[in-house]
Amino acid sequence: DGGITQSPKYLFRKEGQNVTLSCEQNLNHDAMYWYRQDPGQGLRLIYYSQIVNDFQKGDIAEGYSVSREKKESFPLTVTSAQKNPTAFYLCASRGDRAFYGYTFGSGTRLTVV
Amino acid sequence: QKEVEQDPGPLSVPEGAIVSLNCTYSNSAFQYFMWYRQYSRKGPELLMYTYSSGNKEDGRFTAQVDKSSKYISLFIRDSQPSDSATYLCAMSGLETSGSRLTFGEGTQLTVNP
């Protein structure tokens, strides 16, 4: 079945560490997105990519980095510069028609310990 | 002011009630309107989408769009405990490939048996 796979489901980070969240899709979608979800704040866009080897900052990109070397993969690195990284992270992709909504992954819960 | 406003709730109803969830928006360029359902600690899943104004029905769910008032609604008839989730509205314009969705904050719904 086509879909988006995020891993790991739970991730713990020590202070000062960089961690990478994986996102893989087999939907043949060009566009991919990373969102952060905090209680009471809805979904906030971190980075998005419309095509391989190209990506744009979203609303809260500081302290995060991404790469898009393959169409299927859009990993997110949470760097030590991100001061409040504890959150639920969601990856999504979108097809090439305007009425397509997003397909979301199941999310990664990142906790700083 | 946010582009999309959604009452975060929480909303608690008895089983069998009719539930009304709403969003207002300010951007007149929005043409596609979607509702996502998100269970706790899961990724959102697309529930319904509509284009421009009008109604769309799918089983117990009805989506309405009133572009003149910049107001969209999701109605759930004969609500069930399994409908307990957070409901997010989302919107986009006519632009194709890769455009981002704009989300409401989400409304937390609990249906009590």
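Protein sequences appear in the order of chains X and B.
The opening position of the first sequence corresponds to residue 194 in this note's numbering, with each subsequent residue numbered one higher.
The opening position of the second sequence corresponds to residue 19 in this note's numbering, with each subsequent residue numbered one higher.
Ideal Cβ placement from N, Cα and C applies to all residues, glycine included.
Opening and closing residue of the beta strand (DSSP E) in which residue i lies
{"i": "residue 130 (chain B)", "result": "125-130"}
{"i": "residue 319 (chain X)", "result": "There is no way to answer for residue 319 (chain X), as the model of chain X reaches only from 194 to 306."}
{"i": "residue 74 (chain B)", "result": "72-76"}
{"i": "residue 204 (chain X)", "result": "203-206"}
{"i": "residue 229 (chain X)", "result": "224-231"}
{"i": "residue 31 (chain B)", "result": "29-32"}
{"i": "residue 199 (chain X)", "result": "197-200"}
{"i": "residue 37 (chain B)", "result": "37-43"}
Of the listed residues the options, nearest to residue i (C-alpha basis)
{"i": "residue 120 (chain B)", "options": "B:49, B:57 and B:97", "result": "B:49"}
{"i": "residue 91 (chain B)", "options": "B:29, B:32 and B:39", "result": "B:39"}
{"i": "residue 234 (chain X)", "options": "B:100, B:95, B:27 and B:94", "result": "B:27"}
{"i": "residue 262 (chain X)", "options": "X:301, X:229 and X:242", "result": "X:242"}
{"i": "residue 97 (chain B)", "options": "B:20, B:33 and B:24", "result": "B:33"}
{"i": "residue 69 (chain B)", "options": "B:109, B:87, B:127 and B:20", "result": "B:109"}
{"i": "residue 45 (chain B)", "options": "B:59, B:85, B:30 and B:102", "result": "B:85"}
{"i": "residue 284 (chain X)", "options": "X:210, X:222, X:276 and X:274", "result": "X:222"}
{"i": "residue 277 (chain X)", "options": "X:231, X:200, X:259 and X:197", "result": "X:231"}
{"i": "residue 83 (chain B)", "options": "B:30, B:31 and B:42", "result": "B:42"}
{"i": "residue 215 (chain X)", "options": "X:197, X:224, X:208 and X:207", "result": "X:197"}
{"i": "residue 25 (chain B)", "options": "B:36, B:51, B:105 and B:131", "result": "B:105"}
Within chain X, the residues that residue i reaches when beta carbons sit closer than 9 Å
{"i": "residue 60 (chain B)", "result": "297, 299 and 300"}
{"i": "residue 81 (chain B)", "result": "Here the premise fails: no neighbours, minimum Cβ distance about 12 Å."}
Residue i: contacting residues in chain B (beta-carbon distance under 8 Å)
{"i": "residue 220 (chain X)", "result": "Correct list: empty, because the minimum Cβ distance to chain B is about 13 Å."}
{"i": "residue 256 (chain X)", "result": "Per Cβ cutoff of 8 Å: no residues; residue 256 (chain X) is ~20 Å from chain B at best."}
{"i": "residue 283 (chain X)", "result": "61 and 62"}
{"i": "residue 233 (chain X)", "result": "26 and 123"}
Buried/exposed call for residue i, threshold 16 Cβ in 10 Å
{"i": "residue 294 (chain X)", "result": "buried"}
{"i": "residue 123 (chain B)", "result": "buried"}
{"i": "residue 205 (chain X)", "result": "exposed"}
{"i": "residue 22 (chain B)", "result": "buried"}
{"i": "residue 203 (chain X)", "result": "exposed"}
{"i": "residue 77 (chain B)", "result": "exposed"}
{"i": "residue 213 (chain X)", "result": "exposed"}
{"i": "residue 286 (chain X)", "result": "buried"}
{"i": "residue 240 (chain X)", "result": "buried"}
{"i": "residue 301 (chain X)", "result": "buried"}
{"i": "residue 99 (chain B)", "result": "exposed"}
Closer than 7 Å at the beta carbon, the chain X residues around residue i
{"i": "residue 52 (chain B)", "result": "294"}
{"i": "residue 108 (chain B)", "result": "294"}
Min CB distance residue i to chain C below 8 Å
{"i": "residue 118 (chain B)", "result": "Protein chains X and B are contained in the structure displayed, whereas chain C is not."}
Chain X contact residues for residue i, given Cβ-Cβ distances below 8 Å
{"i": "residue 105 (chain B)", "result": "Near residue 105 (chain B) there are no residues of chain X at all, since even the closest Cβ is about 12 Å away, more than 8 Å."}
For this session: Closer than 7 Å, Cβ to Cβ, to anything on chain B: give me those residues from the segment 236-248 of chain X, in chain order.
Result: Per Cβ criterion, the list reads 236, 238, 241 and 243.
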